[in-house]
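Engineer: Those protein sequence lines, which keep their order, are chains W, R and Z.
Using this note's numbering, you'd call the opening residue of the first sequence number 1 and step up by one each time.
Using this note's numbering, you'd call the opening residue of the second sequence number 1 and step up by one each time.
Using this note's numbering, you'd call the opening residue of the third sequence number 1 and step up by one each time.
Cβ coordinates follow ideal geometry from the N, Cα and C atoms, glycine included.
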Amino acid sequence: MAERERRLTPPRGGVFVPRVQVLSAEDVQRALVRIAHEIVERNRGLEDLVLIGLQTGGVPLAQRMGRSLEEIEGTTVPVGMLDVAFYRDDIGIRPVLPEAVTDIPGDLAGALVVLVDDVLFTGRTVRAALNALADYGRARAVQLAVMVDRGHRELPIRPDYVGKNMPTRIDEQVDVSLDGVVLGDVVPR
Amino acid sequence: MTDAASTVLLRGGTVVDEHGERRADVLVHGTAIADVGSGLDAPAGSRVLDAGGCLVAPGLVDLHAHLRQPGAEEAETVETGSRAAARGGYTAVLAMPNTDPPVDSAAVASEVLALGRGALCRVAVAGAITVGRAGEHLAPMAELSALGVRLFTDDGAGVQDPEVMRRAFEYARGLGVTLAQHCEVSDLSAGGAMHEGAWSSRLGVPGVPAEAEELMVARDIALARMTGGRAHFLHLSTARSLDMVAAAKSEGLAVTAEVTPHHLSLTDAELAGYDPLYKVSPPLRSPEDVSALRQGCVTGVVDAIATDHAPHPPEAKETTLQEAAPGMLGLETSLAVSLGALTDGTGMALVDVVGLLSWRPARVAGLHDQGGPLAAGAAANICVIDPGERWEVTPARLASRSRNTPWAGKTLTGKVRHTLFRGEAVVVDGEAQR
Amino acid sequence: MSGAPADGGRHLLSVSDLGSEGIEEVLRVADAFVEVARRPIPKVPALRGRTVVTLFAEESTRTRLSFETAARRLSADVMSFSMAGSSAKKGESLRDTVETVTAMGVDALVVRHPCAGAAHQVARWVDAAVVNAGDGWHEHPTQALLDCYTIRQVLAERAGRDPASVGMECFDGLRVAIVGDIRHSRVARSGIWALAALGARVTLVAPGSLLPTSLQGWPVERTASDLDTVLPEVDVCYLLRLQLERGVGAHLPSLREYTAGYGLTARRAGLLAEDALVMHPGPMNRGVEIADEVADLPRSVVLRQVANGVAVRMAVLFLLLGAGVGADVGALVGEGE
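1) With 8 Å set as the bound, which would you pick, yes or no: does the beta-carbon of Arg10 (chain Z) sit closer than that to a beta-carbon of chain R?
2) For chain Z, find out if any of its Cβ atoms is closer than 8 Å to the Cβ of Pro10 (chain W); answer yes or no.
3) Pairing CB atoms from the stretch 380 to 394 of chain R with CB atoms from the stretch 406 to 422 of chain R, are three or more of them under 8 Å?
4) For the beta strand (DSSP E) that Met81 (chain W) lies in, which residues bound it at each end?
5) Which chain Z residues sit within Cβ distance under 9 Å of Glu196 (chain R)?
6) To which residues of the same chain is Gly184 (chain W) closer than 6 Å at the C-beta, ignoring the five residues directly before and after it?
7) Report buried or exposed for Pro188 (chain W), applying the criterion of at least 16 other Cβ atoms within 10 angstroms of its Cβ.
8) Determine, using beta carbons only, whether Ser201 (chain R) comes closer than 8 Å to chain Z.
9) Using the three-state DSSP reduction, which class does Gln305 (chain Z) fall into: helix, strand or coil?
10) For Val230 (chain Z) and Val205 (chain Z), which I take to be in contact (beta-carbon distance under 8 Å), what is that distance rounded to the nearest angstrom?
11) Determine the chain W residues that contact Glu35 (chain Z) at a beta-carbon separation under 7 Å, and present them in chain order.
12) Taking C-beta pairs closer than 8 Å, name the residues in chain Z that Asn131 (chain W) reaches, listed in chain order.
13) Hey, could you find the ends of the alpha helix (DSSP H) Thr61 (chain Z) is sitting in?
14) Measure from the C-beta of Gly322 (chain Z) to each C-beta in chain W and report whether the shortest distance is under 8 Å.
15) With 7 Å as the limit, tell me which residues of the stretch 164 to 176 of chain Z have their beta carbon closer than that to any beta carbon of chain W; keep them in chain order.
16) For Val20 (chain W), does the three-state DSSP call read helix, strand or coil?
17) Check whether the stretch 110 to 123 of chain R touches the stretch 343 to 361 of chain R, counting contact only when three or more Cβ pairs, one atom from each stretch, lie closer than 8 Å.
18) Below 8 Å between beta carbons: does that hold for Gly372 (chain R) and Ala32 (chain R)?
19) List the whole-angstrom C-beta distance separating Val116 (chain W) from Leu46 (chain W), where the pair is believed to meet the contact cut-off of C-beta under 8 Å.
20) Taking 8 Å as the CB-CB limit, is Ile52 (chain W) close to chain Z?
21) Out of R:Arg202, R:Gly207, R:Ala239 and R:Ala190, which has the shortest C-alpha to C-alpha gap to Val217 (chain R)?
22) For Val108 (chain R), does the three-state DSSP call read helix, strand or coil?
23) Apart from the five residues on each side of it in sequence, which residues of its chain come closer than 7 Å, Cβ to Cβ, to Val162 (chain W)?
24) Skipping 5 residues on each side, what residues in its chain have a beta carbon closer than 6 Å to that of Gly330 (chain Z)?
25) Take every Cβ of the stretch 389 to 403 of chain R, pair it with every Cβ of the stretch 304 to 320 of chain R, and state whether three or more of those distances are shorter than 8 Å.
26) Apply the 10 Å Cβ neighbour rule to Gly53 (chain W) and answer buried if 16 or more other Cβ atoms are within range, or exposed otherwise.
27) If we cut at 8 Å on Cβ distances, does Glu73 (chain R) have a partner in chain Z?
28) Can a CB atom of chain R be found closer than 8 Å to the CB of Gln243 (chain Z)?
29) Mark Leu170 (chain W) as exposed unless 16 or more other C-beta atoms lie within 10 angstroms of its C-beta, in which case mark it buried.
30) Rounded to whole angstroms, what is the Cα-Cα separation between Glu251 (chain R) and Ala139 (chain R)?
31) Going by beta-carbon coordinates alone, are Leu12 (chain Z) and Val131 (chain Z) separated by less than 8 Å?
32) Let's test the definition: count the other Cβ atoms within 10 Å of the Cβ of Val48 (chain R) and tell me whether it reaches 16, buried, or not, exposed.
33) Against Arg39 (chain Z), what residues of chain W qualify as contacts under a CB-to-CB distance less than 9 Å, listed in chain order?
34) Could you tell me which residues DSSP pairs with Gly20 (chain R) in its beta bridges?
35) Which residues bound the alpha helix (DSSP H) around Pro287 (chain R)?
36) Which residues in chain Z have a C-beta closer than 8 Å to the C-beta of Asp83 (chain W)? List them in chain order.
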């Protein structure tokens, strides 16, 4: 596990070589808008809602999703960011360094938190994020939105909102940004 | 008439002594050399030792060995130290008096001499200049001299009080003995753990400035001039110390000087890793000092290479640089290290390097049975050196009881193949025979 | 530096082994821990199950407390071990002591010792990560790191930016005067190399008897003995502590004369540029190297230094113990080059 994850952790472990463009920039934007609608529908509005992007891939998605929610409902949604480096259960067996700062808007007690990440894979990042969130107060509920669910879960975690379900081989790599989703391989440097 | 077991033929080597070099075999009978010449026949029942490709030289003589007995037998004993000496090619060592109790009385000197009688080399004894090496009252030099002590020193420290040193020189002059000084003004060196300079400044280690040595060299030269006494300078480590000795010699003063193999080969940069194995007193100095010491060997200002063999138990070194005891082993590596520093380092002839290790120190110490020359009738104190043999220093295989050598794991060139002490082959093919 | 590498794991022994990239890494990670410190529960589980031992052969309540707080906030288990006086006197070598302690199962050893190179020696004997918390006159790397962190933090605030976005450019050409007992100062030996590695221009100000014998190879721009002429031209005035308890007074005619020549008096503080910082590693000898009224000026960031100490030490422990194999912190390996 450690060896595989390290190999798959860019940029330290290798070089990402793109193979197939799975979603275009427009596809990503459409998926974000759709998820935004689903969030509004499922929660019957935006009351107490806080979007939290997971560093680093989830942050731009959360910010864009926040704007979509604003356009739909006409109210501002607080958007935060969370780095889970210190909460991972694989510290010491893979390179875990804080990528960027954590910025949580206010106390989360009673909030409805939607965690936003780019790719859902083993589930370990989300588990770490749930532990980290607990240090900021007791949220009323936590939901999970991801752009790509690529399978291979190692923990009982499932997403509430998915941009695209995308079966992958375990050694493939998925690159997600606002510019699109690309499937490729990581080759050693 | 002949006991065949006591006849040894050293065959096929190059004899080297103060008369020069020549291809010759050496026949030893009993405790003396019976014949030196080419193509000697081995008498029936004699032992033939191969000296092919080797130098056959007078046994080496160390003016400066800490054998630690009595008092610190966990570090070394006269027996283990003499075995280390024999493996290093030495047939005589001068045991330093900073034992516990120190050699400041006839009783302790006699004890060490008695311990030395069964040793694998001659163990001569140096006496303390002052009682308890405390630098205050003169030790009974006449009583010690009557036991054969020719050299006196408070080594480990210098005699700080110039008035005490003056009296010592005056008193020693009448006995015809030499005062050997560990030159170090303690007020300047206190707390110091390495040479004071660029490295100590960077490493944050309290330093021992060159001047701590040089001030005392200058003082003792002045006192030798004033009193007509004989001064020997132990383990000189700085360029300016040698300059002063050279000037004193050209003035005609009775001064001699020794340097150590480590001061000829290592600099204070070795301390960068804070390894206490490199802590010695005086400390390893600058590259300029090292090259000046080498040059002093070439020009003859230096009279002897002395090991300052200083064994310590592991706990004395397994601490910080500042707290660790100073000193390193020397007897078993001295020849190789000296050859490396001087023949490779300066182009000095082998015979001259061997001279610094053998007949020149023998003269300083007044050991007349030592240092050759190798001729029929002379005492059979001989070492056979393979100057080209490369060997790795393995602490566990050293004969010394201690292991504190910075050469551990390093490959040196030049090894002692056989050592004959008073005709007995105490080392054969590098291994001590008892 | 050359010399025998300390083997057996990754250590922080000397700041000069970090290089500018290593320092930057520590500062970047420290940013994350400064954020942790602001949380209602200022603690993360990063080093749960790990054991950190503080091994102090020289008393320093402040430094020990700072390291122990850092370790606890990372959820590590903490043990402290005091070596009162010299262990050699008790017939036990330093190596015996260290091996006994690490036999209990230790992941990191934080070592403070009155002798230079102690942490280097310890690192040779143990598998645990070794952090030098001050060795004699040699180095005090975490002090230099927290000083750099504090400088960047203050300069970022003044520019109205967050420290991460300021990056390391703020050190480029920064004019720093280090004043006082350079000779006996581990703070100076770490600080000078750290600041210079980041591009700062360092001036040393001290009487000759408190300067090192040799400054060969030191990355300092100049040395000066007249503090008055230096002060108007610096961005940071770093005052070293005069270690009176160690007899440093013998290097000076009197404290009065030292203060007259090298103390940051109220008059001298007036010579500093408007926005210059005053720093001190603490504890301050008020009235000797720094006047009371100067110590409490807003430009004095001494308390910030203390506060940042915890975050920086969290970063160091996290990088050594938590960042794991393959992480880009090779520069933290405290080996000679």
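Structural biologist: In short, the structure shows the following:
1) no
2) Low local confidence applies: a pLDDT of 44 at Pro10 (chain W) is under 50, so the model's placement there is unreliable, with the coordinate-based value given in what follows. Cβ-Cβ to chain Z under 8 Å: no for Pro10 (chain W).
3) yes
4) Val79 to Leu82
5) Thr213 and Ser214
6) So the qualifying residues of the chain are Phe16, Val17, Pro18, Arg19 and Gln173.
7) exposed
8) yes
9) helix
10) Contact holds; Cβ gap of about 6 Å.
11) Val101 and Thr102
12) Pro45
13) Thr61 to Arg73
14) yes
15) Ala164
16) strand
17) no
18) No, these two residues do not count as a Cβ contact at 8 Å.
19) In fact, because the Cβ distance is near 15 Å, the residues do not count as touching under 8 Å.
20) no
21) R:Ala239
22) Note: Val108 (chain R) maps to helix in three-state DSSP.
23) Val146 and Asp149
24) Low local confidence applies: a pLDDT of 35 at Gly330 (chain Z) is under 50, so the model's placement there is unreliable, and no value is given.
25) yes
26) buried
27) No, no contact with chain Z.
28) Not closer than 8 Å to any Cβ of chain R, the Cβ of Gln243 (chain Z) fails to qualify, so no.
29) Per the sequence shown, the amino acid found at residue 170 (chain W) is Ile instead of Leu. Exposed, by the Cβ-count rule.
30) 30 Å
31) yes
32) Looking at its Cβ environment, which holds fewer than 16 other Cβ atoms inside 10 Å, Val48 (chain R) is exposed.
33) Thr102, Ile104, Asp135 and Tyr136
34) R:Asp17
35) Taken as a continuous stretch (DSSP letters only), the alpha helix (DSSP H) holding Pro287 (chain R) covers Pro287 to Thr299.
36) Ala32
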